[in-house]
Amino acid sequence: EGYRKAERLMKHAEKFGIPVITFIDTPGAEPGVGSEERGQGTAIAESLLTMASLKTPVISMVIGEGGSGGALAIGMSDRILMLENAVYAVASPEACAAILWKDTAKAPDAAETMRITAADLYAFGIVDEIVPEPVPAHEAPQATISAAGDALTRQFEDLMRLVDQPSGIDRLMELRYEKYRRMGVWEDAVASR
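Below you can see the structure in the form of C-alpha coordinates.
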(Lines of atoms letter the chains of each structure in order from A; the text may use other names.)
(Lines give C-alpha, C1' and ligand atoms only; values in the text may rest on other atoms or scores of the structure.)
Protein backbone atom coordinates (compact mmCIF):
# COMPACT_ATOMS: atom_id res chain seq x y z
CA GLU A 87 0.00 0.00 0.00
CA GLY A 88 2.94 2.34 0.61
CA TYR A 89 3.90 2.55 -3.07
CA ARG A 90 0.44 3.77 -4.04
CA LYS A 91 0.51 6.37 -1.28
CA ALA A 92 3.97 7.55 -2.37
CA GLU A 93 2.76 7.74 -5.97
CA ARG A 94 -0.22 9.91 -4.96
CA LEU A 95 2.08 12.25 -3.03
CA MET A 96 4.50 12.51 -5.97
CA LYS A 97 1.64 13.45 -8.31
CA HIS A 98 0.49 16.02 -5.75
CA ALA A 99 4.01 17.50 -5.63
CA GLU A 100 4.10 17.68 -9.42
CA LYS A 101 0.72 19.46 -9.52
CA PHE A 102 2.04 22.20 -7.23
CA GLY A 103 5.56 22.36 -8.68
CA ILE A 104 7.21 20.93 -5.57
CA PRO A 105 10.43 18.92 -6.06
CA VAL A 106 10.41 15.32 -4.84
CA ILE A 107 13.11 13.89 -2.57
CA THR A 108 13.10 10.20 -1.63
CA PHE A 109 15.23 8.45 0.97
CA ILE A 110 15.88 4.78 0.28
CA ASP A 111 16.64 2.24 3.00
CA THR A 112 14.90 -1.06 2.31
CA PRO A 113 15.96 -4.64 1.61
CA GLY A 114 13.14 -4.72 -0.93
CA ALA A 115 9.41 -5.05 -1.26
CA GLU A 116 7.63 -7.44 1.09
CA PRO A 117 7.82 -10.85 -0.62
CA GLY A 118 4.66 -12.39 0.80
CA VAL A 119 1.74 -13.90 -1.07
CA GLY A 120 -0.62 -11.31 0.41
CA SER A 121 1.43 -8.46 -1.03
CA GLU A 122 1.33 -10.07 -4.45
CA GLU A 123 -2.41 -10.66 -4.17
CA ARG A 124 -2.87 -6.95 -3.45
CA GLY A 125 -0.92 -6.07 -6.61
CA GLN A 126 2.48 -5.13 -5.24
CA GLY A 127 4.19 -5.74 -8.60
CA THR A 128 1.71 -3.48 -10.35
CA ALA A 129 2.14 -0.80 -7.69
CA ILE A 130 5.94 -0.88 -8.15
CA ALA A 131 5.59 -0.67 -11.94
CA GLU A 132 3.14 2.24 -11.68
CA SER A 133 5.45 4.04 -9.26
CA LEU A 134 8.34 3.67 -11.71
CA LEU A 135 6.17 5.00 -14.54
CA THR A 136 5.03 7.95 -12.43
CA MET A 137 8.56 8.84 -11.36
CA ALA A 138 9.80 8.64 -14.95
CA SER A 139 7.19 11.15 -16.06
CA LEU A 140 7.11 13.63 -13.14
CA LYS A 141 7.41 17.20 -14.40
CA THR A 142 9.28 18.36 -11.33
CA PRO A 143 12.85 17.73 -10.12
CA VAL A 144 13.36 14.39 -8.35
CA ILE A 145 16.32 13.46 -6.13
CA SER A 146 16.82 10.09 -4.44
CA MET A 147 19.31 9.29 -1.70
CA VAL A 148 20.23 5.74 -0.72
CA ILE A 149 20.98 5.97 3.00
CA GLY A 150 21.43 2.29 3.85
CA GLU A 151 20.34 -0.69 1.81
CA GLY A 152 18.60 -0.12 -1.50
CA GLY A 153 17.32 -3.50 -2.51
CA SER A 154 15.21 -4.91 -5.29
CA GLY A 155 11.99 -3.43 -6.66
CA GLY A 156 11.24 -1.90 -3.29
CA ALA A 157 14.12 0.53 -3.74
CA LEU A 158 13.75 0.97 -7.48
CA ALA A 159 10.08 1.94 -7.06
CA ILE A 160 11.05 5.15 -5.27
CA GLY A 161 14.49 5.62 -6.79
CA MET A 162 13.90 6.68 -10.40
CA SER A 163 15.11 10.25 -10.24
CA ASP A 164 17.08 13.01 -11.89
CA ARG A 165 19.87 12.62 -9.37
CA ILE A 166 20.80 9.59 -7.29
CA LEU A 167 22.96 10.14 -4.23
CA MET A 168 24.35 7.45 -1.93
CA LEU A 169 25.89 7.52 1.49
CA GLU A 170 29.45 6.25 1.22
CA ASN A 171 28.70 2.96 2.99
CA ALA A 172 25.29 2.30 1.42
CA VAL A 173 24.53 -0.44 -1.11
CA TYR A 174 22.09 -0.46 -4.04
CA ALA A 175 21.13 -3.52 -6.09
CA VAL A 176 18.27 -5.29 -7.83
CA ALA A 177 18.74 -8.31 -5.54
CA SER A 178 20.45 -8.92 -2.23
CA PRO A 179 23.85 -10.65 -2.28
CA GLU A 180 22.22 -13.57 -0.45
CA ALA A 181 19.56 -13.95 -3.15
CA CYS A 182 22.18 -13.67 -5.88
CA ALA A 183 24.37 -16.33 -4.23
CA ALA A 184 21.38 -18.64 -3.87
CA ILE A 185 20.51 -18.21 -7.55
CA LEU A 186 24.03 -18.46 -8.97
CA TRP A 187 25.69 -20.96 -6.64
CA LYS A 188 22.79 -22.47 -4.67
CA ASP A 189 24.68 -21.37 -1.54
CA THR A 190 23.80 -18.26 0.48
CA ALA A 191 27.14 -18.55 2.29
CA LYS A 192 28.71 -17.18 -0.89
CA ALA A 193 26.94 -13.83 -0.36
CA PRO A 194 30.27 -11.95 0.10
CA ASP A 195 31.45 -13.27 -3.29
CA ALA A 196 28.13 -12.29 -4.83
CA ALA A 197 28.34 -8.78 -3.36
CA GLU A 198 31.79 -8.29 -4.86
CA THR A 199 30.65 -9.61 -8.24
CA MET A 200 27.49 -7.49 -8.24
CA ARG A 201 29.42 -4.24 -7.66
CA ILE A 202 26.78 -2.68 -5.41
CA THR A 203 28.80 -0.13 -3.44
CA ALA A 204 28.51 3.62 -3.84
CA ALA A 205 31.98 3.78 -5.41
CA ASP A 206 31.14 1.03 -7.93
CA LEU A 207 27.84 2.61 -8.92
CA TYR A 208 29.42 6.05 -9.23
CA ALA A 209 32.06 4.60 -11.57
CA PHE A 210 29.27 3.06 -13.68
CA GLY A 211 27.49 6.43 -13.90
CA ILE A 212 24.43 5.22 -12.01
CA VAL A 213 25.06 7.32 -8.90
CA ASP A 214 25.61 11.04 -9.33
CA GLU A 215 27.21 11.83 -5.98
CA ILE A 216 28.66 9.92 -3.05
CA VAL A 217 27.95 11.50 0.33
CA PRO A 218 30.99 11.02 2.58
CA GLU A 219 30.52 9.49 6.00
CA PRO A 220 33.23 10.69 8.41
CA VAL A 221 32.64 7.43 10.28
CA PRO A 222 29.75 5.02 9.76
CA ALA A 223 26.51 7.03 9.82
CA HIS A 224 25.15 5.40 12.97
CA GLU A 225 28.25 6.49 14.91
CA ALA A 226 28.06 10.15 13.81
CA PRO A 227 24.47 10.87 12.83
CA GLN A 228 24.74 14.68 12.99
CA ALA A 229 27.82 14.78 10.74
CA THR A 230 26.13 12.42 8.29
CA ILE A 231 22.92 14.45 8.28
CA SER A 232 24.94 17.61 7.65
CA ALA A 233 26.86 16.03 4.75
CA ALA A 234 23.63 14.63 3.29
CA GLY A 235 21.95 18.03 3.58
CA ASP A 236 24.85 19.74 1.83
CA ALA A 237 24.72 17.21 -1.03
CA LEU A 238 20.95 17.54 -1.40
CA THR A 239 21.23 21.33 -1.45
CA ARG A 240 23.91 21.23 -4.16
CA GLN A 241 21.90 18.87 -6.36
CA PHE A 242 18.62 20.71 -5.74
CA GLU A 243 20.14 24.08 -6.64
CA ASP A 244 21.64 22.61 -9.81
CA LEU A 245 18.30 21.13 -10.89
CA MET A 246 16.44 24.35 -10.09
CA ARG A 247 18.86 26.35 -12.28
CA LEU A 248 17.92 24.00 -15.12
CA VAL A 249 14.17 24.15 -14.45
CA ASP A 250 14.20 27.95 -14.22
CA GLN A 251 15.45 28.21 -17.82
CA PRO A 252 13.02 28.56 -20.74
CA SER A 253 11.81 25.02 -21.59
CA GLY A 254 13.59 23.86 -18.42
CA ILE A 255 11.04 21.18 -17.51
CA ASP A 256 11.23 19.74 -21.03
CA ARG A 257 15.02 19.62 -20.77
CA LEU A 258 14.79 18.01 -17.31
CA MET A 259 12.57 15.28 -18.78
CA GLU A 260 14.99 14.73 -21.69
CA LEU A 261 17.96 14.40 -19.33
CA ARG A 262 16.08 11.96 -17.08
CA TYR A 263 15.19 9.83 -20.10
CA GLU A 264 18.78 9.88 -21.36
CA LYS A 265 20.11 8.98 -17.90
CA TYR A 266 18.08 5.79 -17.73
CA ARG A 267 18.66 4.84 -21.37
CA ARG A 268 22.43 4.93 -20.71
CA MET A 269 22.10 2.56 -17.76
CA GLY A 270 21.22 -0.37 -19.97
CA VAL A 271 24.21 0.00 -22.29
CA TRP A 272 27.10 -2.44 -21.92
CA GLU A 273 30.60 -1.12 -22.48
CA ASP A 274 33.78 -3.20 -22.59
CA ALA A 275 35.55 -0.87 -20.19
CA VAL A 276 34.24 1.60 -17.66
CA ALA A 277 36.09 4.88 -17.77
CA SER A 278 36.94 6.26 -14.35
CA ARG A 279 35.24 9.51 -13.48
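The opening residue of the sequence shown carries number 87 in the working numbering; numbering runs sequentially from there. Backbone N, C-alpha and C define an ideal beta-carbon position, used for all residues, glycine too. As the structure is a prediction and not an experimental result, all values here were calculated from the model.
Counting pairs of beta carbons, one from the region 126-134 and one from the region 157-165, are three or more of them closer than 8 Å? yes
At 4 residues or longer, and completely inside the region 112-182: list those alpha helix (DSSP H) runs for me, N to C. 119-123, 126-139 and 154-158
Output yes or no for whether 9 Å exceeds the beta carbon distance between Gln126 and Tyr89. yes
Nearest candidate by alpha-carbon position, reference Tyr263, set Glu219, Gly254 and Asp164: Asp164
C-alpha gap between Gly120 and Gly254, whole angstroms: 42 Å
Per DSSP, what kind of secondary structure is Phe242 in: helix, strand or coil? helix
DSSP on Ile212, reduced to helix/strand/coil? coil
Mark Leu95 as exposed unless 16 or more other C-beta atoms lie within 10 angstroms of its C-beta, in which case mark it buried. exposed
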